[in-house]
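Colleague: For reference, the structure I am asking about is given below.
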Amino acid sequence: MDYRPLLLDALETLFQKEQAEKQRFKALAYQQVLRQLKQHPGPISTYEDVAHFKGMGPKIEQKIRELLATGSLAAAERAKAAYPIQALHELQRCYGIGPTKARELTEQGITTIDALRAAVEVTPRLLTDAQRVGLTHYEAFLERIPYSEMVEHEDILRHYLPLPCEIVGSYRRRAESSGDIDVLIRVPPSNTISLAQMVKTLQEAHYLTDVLALGAHKCMAACQRDESSTPRRLDLLMVPEEEYAYGMLYFTGSDRFNVAFRQYALERGYTLNEKTMKPLADQPAPPPMNEEADIFTFLGLTYVPPNERMDARQILPLPKDANKRIHKRPVLSAAFAKINRQGEE
DNA sequence: GACAGGCC
DNA sequence: CTAGGCCTGTCC
């Protein structure tokens, strides 16, 4: 008997319930187990199938054991009676609607995207400008963007932007699809062009169609290659030259690779974020990093090309003897490559 | 100007 | 303890 579908439903329910009750860390705990369950390919028939998951404490263990033994979970059933779980889930898939707004809407009797669309026709101020854009493009923003289309966006952006830029995220890791388009713009000290000006240029080219948020350094927007193509989520980030290498490393991910990378930096006495690297104690301050590879070298790490950046397994000290490198470097297995292709943002 | 909500 | 910062909108 495969309890995987029941387990997914029960844990998703409890995740929504904790979110509705603003129990951030409880929600996080369910989310962590849910993510691993979704990645787990095979059926779940005994507790041993999930015992090795990260973040399995006594509370979640008890709940899973109950579901495996009885086929249902009392806590999840109670949550379903107390909250419109399905409605909260559906509404939160809309860009700009989080737990609070979703709960507010369900309390007004709005429980589906269709109902929300009808309500917003009558009362536009039910949502903010950005949320209305999210609602308009609800289906489109849930779609994934094929790699081949990402290449086209890159061409368009390079054509219109007056500064060097790169699409980062899972696209740079060569994932076969991406969730959105993350663009880093390299800003030299001499720069006089504002982000607002660049946004205007992209709007006049009829590429950028909606602005969700626009500040001095960051723009969140929607874009389209042409009138008939699917609208996509676009993020533009202005990054000063001296921070660019750190920005590239950070926004290229993957998340797990970043966590491992920052942990390793800590062991070497440095704290790392998306802008810079600082010495912890009496370490020397790092020199300017012109490109990503400089950061690897400075920390004594073997450079990892973006498409191999998956998790801690790629964090390897530089070999003392270059000849040994051939034997020390693990070969990318098909299974690893598959994980990478999932292309989480 | 502080704070909350949401996103990355 | 589980990130921290950016942007928007609201309230006073």
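One rule links them: number in this note's numbering = place in the first sequence (from 1) + 4.
Glycine is no exception: its CB is placed at the ideal position from the N, C-alpha and C atoms.
Can you list the beta strand (DSSP E) stretches of 3 or more residues lying completely in the stretch 193-225, in chain order?
Modeller: 212-218
Colleague: Among Lys30, Glu81, Pro47, Glu22, which residue has its Cα nearest to the Cα of Ala14?
Modeller: Stepping through the first sequence from its first residue, residue 14 is reached at position 10. Nearest of Lys30, Glu81, Pro47, Glu22 to Ala14, Cα basis: Glu81.
Colleague: Report the residue from Leu322, Ile171, Leu38 whose alpha carbon sits nearest the alpha carbon of Tyr268.
Modeller: To locate residue 268, count along the first sequence from 1; it is residue 264. Selected option, being the one with the closest Cα: Leu322.
Colleague: Can you list the alpha helix (DSSP H) stretches of 4 or more residues lying completely in the stretch 137-196, in chain order?
Modeller: 142-146, 151-164, 173-176
Colleague: Which partner residues does Val243 have in the DSSP bridge list?
Modeller: Here residue 243 refers to the residue found at position 239 when the first sequence is read from its first residue. DSSP lists Arg190 as partners of Val243.
Colleague: If you compare alpha carbons, which of Lys26, Tyr248, Leu320, Tyr142 is closest to Pro193?
Modeller: Within the first sequence, numbered from 1, the residue matching residue 193 stands at position 189. Cα-wise, what sits closest to Pro193 is Tyr248.
Colleague: Bridge partners of Thr275, per DSSP?
Modeller: Reading the first sequence from its first residue, position 271 is the one you call residue 275. DSSP output for Thr275 lists Lys282 as bridge partner(s).
Colleague: Looking at the unbroken alpha helix (DSSP H) that takes in Tyr34, where does it start and where does it end?
Modeller: The residue you call residue 34 lines up with position 30 of the first sequence. Segment 28-43, the alpha helix (DSSP H) holding Tyr34.
Colleague: Under the three-state reduction of DSSP, which class applies to Pro321: helix, strand or coil?
Modeller: Your numbering for residue 321 matches position 317 in the first sequence. Note: Pro321 maps to strand in three-state DSSP.
Colleague: Using 8 Å for Cβ pairs, my map puts Leu241 next to Leu188. What's the rounded Cβ distance?
Modeller: Position 237 of the first sequence, counted from the start, is the residue given in the question as residue 241. Position 184 of the first sequence, counted from the start, is the residue given in the question as residue 188. Yes, they are in contact, since the Cβ atoms of Leu241 and Leu188 sit about 5 Å apart, within 8 Å.
Colleague: How far does the alpha helix (DSSP H) with Gln228 in it reach, from first residue to last?
Modeller: The residue labelled residue 228 in the question sits at position 224 within the first sequence. Where Gln228 is concerned, there is no enclosing alpha helix (DSSP H), given that its DSSP letter is neither H nor E.
Colleague: Looking at C-beta atoms only, is the number of pairs between the stretch 53-73 and the stretch 124-134 that lie closer than 8 Å three or more?
Modeller: No: fewer than three Cβ pairs fall under 8 Å.
Colleague: How far does the alpha helix (DSSP H) with Ala86 in it extend, from its first residue to its last?
Modeller: Position 82 of the first sequence, counted from the start, is the residue given in the question as residue 86. First-last of the alpha helix (DSSP H) with Ala86: 78-86.
Colleague: For Thr50, count neighbouring C-beta atoms within 10 Å of its own C-beta (all shown protein chains included) and say buried if the count is 16 or more, exposed if not.
Modeller: Position 46 of the first sequence, counted from the first residue, corresponds to residue 50. So Thr50 ends up on the exposed side.
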